[in-house]
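Enquirer: Take 18 as the starting number for the sequence shown in our numbering and just add one per residue.
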Amino acid sequence: MGQAVHKHVEIPQTEGKTVRPFGMRDKLGYLFGDFGNDFFFILVAAFLMVYYTDIFHLNPAAVGGLFLLARLWDAVADITWGRFIDTRKATKHGKFRPWILRMSVPLVVSGVLMFVYIPGMSDGFYLAYAYVTYIIWGTLYSTVNIPYGSMASVITGDPVERTALSSWRTLGANLAGLIINVVGPMILFVDNRVDANRFLVAALIFGGLAIACYIACYKLSIERIVLDETNKPKTNLGKTMKGLAKNKPLIWFLIASLTFMIVFMLIGTVNVYLFKDYFGNAKALSMVGLLQSAAVFVALPMIKPLVSKFGKKEVASGGLLLAALVYGVLYFLPNLTATQFIGVLTVAMFGYGIFNLVVWAFVTDIIDYHEYLTGLREDGTVYSIYSMARKIGQAVAGGVGGAAIAAVGYNPALKAQTGETLSGIHSLGTLVPAVTLLAVFLIVVFLYPLNKKRTEQLAIDLAEKRNA
18 MGQAVHKHVE
28 IPQTEGKTVR
38 PFGMRDKLGY
48 LFGDFGNDFF
58 FILVAAFLMV
68 YYTDIFHLNP
78 AAVGGLFLLA
88 RLWDAVADIT
98 WGRFIDTRKA
108 TKHGKFRPWI
118 LRMSVPLVVS
128 GVLMFVYIPG
138 MSDGFYLAYA
148 YVTYIIWGTL
158 YSTVNIPYGS
168 MASVITGDPV
178 ERTALSSWRT
188 LGANLAGLII
198 NVVGPMILFV
208 DNRVDANRFL
218 VAALIFGGLA
228 IACYIACYKL
238 SIERIVLDET
248 NKPKTNLGKT
258 MKGLAKNKPL
268 IWFLIASLTF
278 MIVFMLIGTV
288 NVYLFKDYFG
298 NAKALSMVGL
308 LQSAAVFVAL
318 PMIKPLVSKF
328 GKKEVASGGL
338 LLAALVYGVL
348 YFLPNLTATQ
358 FIGVLTVAMF
368 GYGIFNLVVW
378 AFVTDIIDYH
388 EYLTGLREDG
398 TVYSIYSMAR
408 KIGQAVAGGV
418 GGAAIAAVGY
428 NPALKAQTGE
438 TLSGIHSLGT
448 LVPAVTLLAV
458 FLIVVFLYPL
468 NKKRTEQLAI
478 DLAEKRNA
């Protein structure tokens, strides 16, 4: 584009010693980051709605309103925090890693507070308590997740190794999901009903594990792509915004990611009611969690060779199409048993698991494309915009999820839901994901421009600019 860019150093010097090359320790460190993140994130995504409806006895629509408002606020917090980090100078420990360590304990404490139940209080108290604790937790989540996500683009500059980082990150999330989704229902439900004390115990256990994971992430990973501060261009918000507006890969990926996050979060919310009420077997959620993680473990070794041969866009879109088709089949098979449903569902989970394994590598390419357009290396800002899209997706899913559960007539006071309600829950758990995942597939295939050839050329062009 003919613009001057500041220089980067791939292998920095730390106290006179050359940093070790990128390798397995970095992959494990990055895995531990999302392992820690998702101990609470998945617990909240999967079970906070039913905690609020069945323990706090809040109206599902009111909970949906809370999720909508909180996630929109979190989107603002993401952008603010990402911009803040991009204006900070790197320390000898890196630019992003120190924030993970600093903010991990406040984040976990706020997460535990969400699951503190005080008996005998008014409905208004429980709603207010939910608002305050949930919004504080979401805000503090940004202070850890934004630097964590931004790290991938400075740990290595190799496009294929970044795909490996994305896969290891997703593996970390799925390990947390495996524990929470398999062990969680066994702890949280007693006689097919949620238990307040058990929720608190689970939060304390998962919180302690999360802190251990954050420490491991900090200790094992290294930031290698370091900005030469002497040649760093002054921060220019106008130039940044202009570059973002021209960044077509970012725009279309934001739309695809937002749509995917809506359906992914909706699936998590609806599945609790689907198995608890439609199938009458809440503990079957453990098997769903186990097979969801197993599907990712099966897909993981395939991702790097597939991406190396076909490209990120091509592999991710194939997974999306598979998932959409399987959910469509499930919609037309309403009389399956829980076991049969889970068996077919596993194929869909394999499909969107492939997308999840690749998705974070898309972001690192988009960060590079922003640098190519503007000459500005703004990892935190670009990643925070992507995170904002995910938060908006979560907001919409939370609002839509609560409203949809309420709209089909769910009543927590009933021991058994009506036939019409159960049919509505089944449609929410099958037809809606089928249609939405198909829409994401079409966006990625026809509108997202960075295919394998263009991504490889971008890496070459950007390396030439940095060395100019």
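Every residue gets a Cβ at the ideal spot worked out from N, C-alpha and C, and that includes glycine. Being a predicted model, the structure only gives us computed values, none of them experimental.
With a threshold of 7 Å (Cβ to nearest heavy atom), would LEU157 be considered close to the ligand MG?
Expert: This structure lacks the ligand MG, and indeed carries no ligand of any kind.
Enquirer: Reducing DSSP to helix, strand and coil, say where PHE349 ends up.
Expert: Here PHE349 sits in coil by DSSP.
Enquirer: On the DSSP bridge assignment, give the partners of GLY111 in chain order.
Expert: BP columns for GLY111 point to THR108.
Enquirer: 8 Å is my cut-off, CB to CB: does LEU339 come that close to chain C?
Expert: The structure shown has no chain C; it contains just one protein chain.
Enquirer: At the level of alpha carbons, what is the spacing between PRO77 and ALA333?
Expert: Approximately 33 Å, taken between the alpha carbons.
Enquirer: For ALA311 and GLU240, what's the separation of their Cα atoms in angstroms?
Expert: Their backbone Cα atoms lie some 31 Å apart in a straight line.
Enquirer: Below 8 Å on the Cβ atoms is my guess for VAL375 versus ILE320; work out the distance and round it to an integer in Å.
Expert: 6 Å between Cβ atoms; contact.
Enquirer: Does the beta-carbon distance from TYR389 to GLY336 come in below 8 Å?
Expert: No, these two residues do not count as a Cβ contact at 8 Å.
Enquirer: How would you write the range of the alpha helix (DSSP H) that TYR69 sits in, first residue to last?
Expert: That run of the alpha helix (DSSP H) goes 41 to 71.
Enquirer: Using only alpha-carbon positions, find the residue among GLU437, HIS387, ALA423, PRO351 that is nearest to LEU448.
Expert: Residue PRO351 is the option with its Cα nearest to LEU448.
Enquirer: Mind checking which residues open and close the alpha helix (DSSP H) that includes HIS443?
Expert: Counting along the chain, the alpha helix (DSSP H) containing HIS443 begins and ends at 436 to 463.
Enquirer: When you compare the stretch 395 to 413 with the stretch 82 to 91, are there three or more beta-carbon pairs, one atom per stretch, that lie closer than 8 Å?
Expert: The stretch 395 to 413 is in contact with the stretch 82 to 91.
Enquirer: Can you give me the C-alpha to C-alpha distance between LEU283 and ASP294, rounded to a whole angstrom?
Expert: Going from the Cα of LEU283 to the Cα of ASP294 covers about 16 Å.
Enquirer: Identify the continuous alpha helix (DSSP H) that holds VAL280 and give its terminal residues.
Expert: Residues 265 to 290.
Enquirer: Strictly by DSSP, which residues pair up with PHE206?
Expert: In DSSP, PHE206 forms a bridge with VAL211.
Enquirer: On a Cα-Cα basis, can you pick out the residue from SER184, LEU307, GLY189 that is closest to ILE359?
Expert: The residue with the shortest Cα to Cα distance from ILE359 is LEU307.
Enquirer: Rounding to the nearest angstrom, what Cα-Cα distance links ARG88 and GLY155 in this structure?
Expert: C-alpha separation (whole angstroms): 7 Å.
Enquirer: Between the Cα of PHE281 and the Cα atoms of SER170, LEU124, LEU455, which residue gives the shortest distance?
Expert: Residue LEU455 is the option with its Cα nearest to PHE281.
Enquirer: Considering only residues of the same chain and omitting the five flanking positions on each side of ASP51, which have a CB-CB separation below 8 Å?
Expert: Closer than 8 Å at the Cβ level, and outside the excluded window around ASP51, lie TYR165, ARG186, THR187, GLY189, ALA190, ALA193.
Enquirer: Rounded to whole angstroms, what's the CA-CA distance from SER121 to LEU130? Just pull it up for me.
Expert: Computed Cα separation, rounded: 15 Å.
Enquirer: When the Cα atoms are used, what is the spatial distance from HIS23 to PHE372?
Expert: Per-residue confidence for HIS23 stands at a pLDDT of 44, beneath the threshold of 50, marking its modelled position as unreliable; the derived number appears in the next sentence. Looking at the two C-alpha atoms, the distance is approximately 33 Å.
Enquirer: How close, in whole Å, do the beta carbons of PHE56 and LEU226 come, if the pair is a contact with beta carbons under 8 Å?
Expert: Indeed they touch by this definition, with Cβ atoms about 5 Å apart.
Enquirer: Whole angstroms are fine: how far does the CA of PHE206 sit from the CA of VAL289?
Expert: Spanning the two alpha carbons is a distance of roughly 11 Å.
Enquirer: If you draw a straight line from the alpha carbon of ASN428 to that of ASP43, how long is it in whole angstroms?
Expert: Looking at the two C-alpha atoms, the distance is approximately 48 Å.
Enquirer: Can you tell me whether THR472 is helix, strand or coil according to DSSP?
Expert: Note: THR472 maps to helix in three-state DSSP.
Enquirer: Indicate the three-state DSSP secondary structure (helix, strand or coil) for TYR134 in the structure shown.
Expert: TYR134: coil per DSSP, three-state reduction.
Enquirer: Taking the continuous alpha helix (DSSP H) assigned at LYS326, which residues delimit it?
Expert: Segment 301 to 327, the alpha helix (DSSP H) holding LYS326.
Enquirer: How is the alpha helix (DSSP H) around GLY155 delimited, first residue to last?
Expert: 140 to 172 is the extent of the alpha helix (DSSP H) around GLY155.
Enquirer: Taking GLY345 as the reference, which of LEU445, ILE228, ASP95, HIS110 has the closest Cα?
Expert: Of LEU445, ILE228, ASP95, HIS110, the residue nearest in Cα terms is LEU445.
Enquirer: Name the residue from HIS74, GLY40, VAL93, ASP71 whose alpha carbon lies nearest to the alpha carbon of SER404.
Expert: Cα-wise, what sits closest to SER404 is VAL93.
Enquirer: Taking the beta carbon of GLY46 as the centre, do at least 16 other beta carbons fall within 10 Å, making it buried, or is it exposed?
Expert: GLY46 comes out buried.
Enquirer: Put TYR386 into one of helix, strand or coil per three-state DSSP.
Expert: Residue state, collapsed to three classes: helix.
Enquirer: Quick one, which of PHE49, GLY53, VAL80 has its alpha-carbon nearest PHE64's?
Expert: The shortest Cα separation from PHE64 among PHE49, GLY53, VAL80 belongs to VAL80.
Enquirer: Give the range of the alpha helix (DSSP H) segment to which GLY392 is assigned.
Expert: Per DSSP, GLY392 belongs to no alpha helix (DSSP H) and is neither H nor E.
Enquirer: How many angstroms separate the CA atom of LYS329 from the CA atom of THR180?
Expert: Distance between the alpha carbons of LYS329 and THR180: 8 Å.
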